[in-house]
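In what follows, a structure is listed as structure tokens, so that the remarks can point back to it.
2 protein chains.
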Amino acid sequence: GLLKEVLFFPTALACVEHLFTPDPRITIPCPCPLPHGLETSFSRLLRHLLSARASLDLCVFAFSSQELSRAVLLLQARGVTVRVVTDKDYMLITGSQIGTLRNAGICVRHEMGAVHMHHKFAVVDGRRLITGSLNWTVTAIQSNKENILVTEEPDLVLPFTKEFQQLWDSNDPA
Amino acid sequence: GLLKEVLFFPTALACVEHLFTPDPRITIPCPCPLPHGLETSFSRLLRHLLSARASLDLCVFAFSSQELSRAVLLLQARGVTVRVVTDKDYMLITGSQIGTLRNAGICVRHEMGAVHMHHKFAVVDGRRLITGSLNWTVTAIQSNKENILVTEEPDLVLPFTKEFQQLWDSNDPA
Ligand SMILES: [Zn+2]
Ligand SMILES: [Zn+2]
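Those sequence lines, one after another, are chains A and B.
Numbering of the first sequence is given in the working numbering, commencing with residue 1 and proceeding in unit increments.
Numbering of the second sequence is given in the working numbering, commencing with residue 1001 and proceeding in unit increments.
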């Protein structure tokens, strides 16, 4: 059947370095002190994001996780079309990764109308929805009780792709 | 097929008084100034909650909406078993409905371990999942960009029912 997966946080801590290695045949042992070889909620989230081949549409209130930023930058470097919609207030906070993304050439738009753009969802290649309570922050990932739901069920994905496009179009600064 | 529905907020404003009327044959015209007869994201959310016949398991970070509180109290009055898990810090904030729920005899537990209990989900009758970015506050409902996903897909519902039971058991104050 269609992909349906639920991830809960806080995640177990484990090294995710191997997920960023472009060539899986390279197996230099990682010297970091974290456990290795564990699949965790966070490694699952990274895998879903890094599965993008054509596009990543990201709509997230708070984005300060350096590891998630690294994943988005890697996708951009691979030629994946990345679009980001975020909150106008949170993007200015210390530790926000939004400036880093913009400096790398990623198109970021911020909500200009609503009080807060409080979504936390991503759509990978127009067909895989990642959504839930989890902001893209270290506290959310490592400390909070949070959920993420991942699905390719079209009845659930399509409303989010439409919502993203509407937010994208209505917050065009031009 | 199984229920799958996505709701986006902010909601259009409309009267929801009729949803609280126990007897739908009673049709006293409502004198309030809001539009009547509109189906909105918020009226859909209320309908899903008020469909509970046996149980409502609610796990929500912030709960200050009086209308959602009214819905939960109505379910309790109808004999529905209501259990609430919430955040230890937010529950103390002015406007929180948690005290009102407790005064009505509803069992409320607060997360004692994690930094924040940031979930925003409900499970109706053990089979209908309501989850997303939306906290149960007036700002979230009326002002923010938010989403709620409603589904009866067992692969998605069951992980949340297990998560709820685990939070319930692990935060037993006894
Ligand atoms: Zn390592
Ligand atoms: Zn009315």
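Built from N, CA and C at the ideal position, the CB exists for glycine as well.
Quantities reported herein were computed from a predicted structural model and do not represent experimental measurements.
| query | result |
| --- | --- |
| Contact list for the segment 34 to 64 of chain A against chain B, Cβ threshold 9 Å | C59, F61 |
| Backbone CA spacing between D169(A) and S43(A) [nearest angstrom] | 32 Å |
| Below-8 Å beta-carbon distance, K88(A) vs any chain B residue | no |
| Within chain A, partners of S1133(B) - CB distance below 7 Å | H118, H119, K120, S133 |
| V138(A), enclosing alpha helix (DSSP H) - first and last residue | 138 to 142 |
| Three or more C-beta pairs below 8 Å linking the segment 1069 to 1085 of chain B and the segment 1100 to 1112 of chain B | yes |
| Spatial neighbours of A52(A) in its chain, beta-carbon cut-off 7 Å, leaving aside the 5 residues before and after | L75, V80, V124, D125 |
| Closest Cα partner of T1161(B) within the set P1029(B), P1033(B), L1003(B), L1058(B) | L1058(B) |
| Proximity test, Cβ basis, 8 Å: L1156(B) and chain A | yes |
| Cβ neighbours of F61(A) in the same chain (closer than 8 Å, five flanking residues each side left out) | T86, D87, Y90, H116, M117, H118, H119, K120, N135 |
| Through-space distance from V16(A) to D23(A), alpha-carbon basis | 14 Å |
| Secondary structure of M1112(B), DSSP reduced to three states | coil |
| P35(A) versus A12(A), R127(A), L49(A), E67(A), residue with shortest Cα-Cα distance | A12(A) |
| Cβ-Cβ separation, V1006(B) to S1065(B) (assumed contact under 8 Å), whole Å | About 20 Å; that fails the 8 Å criterion. |
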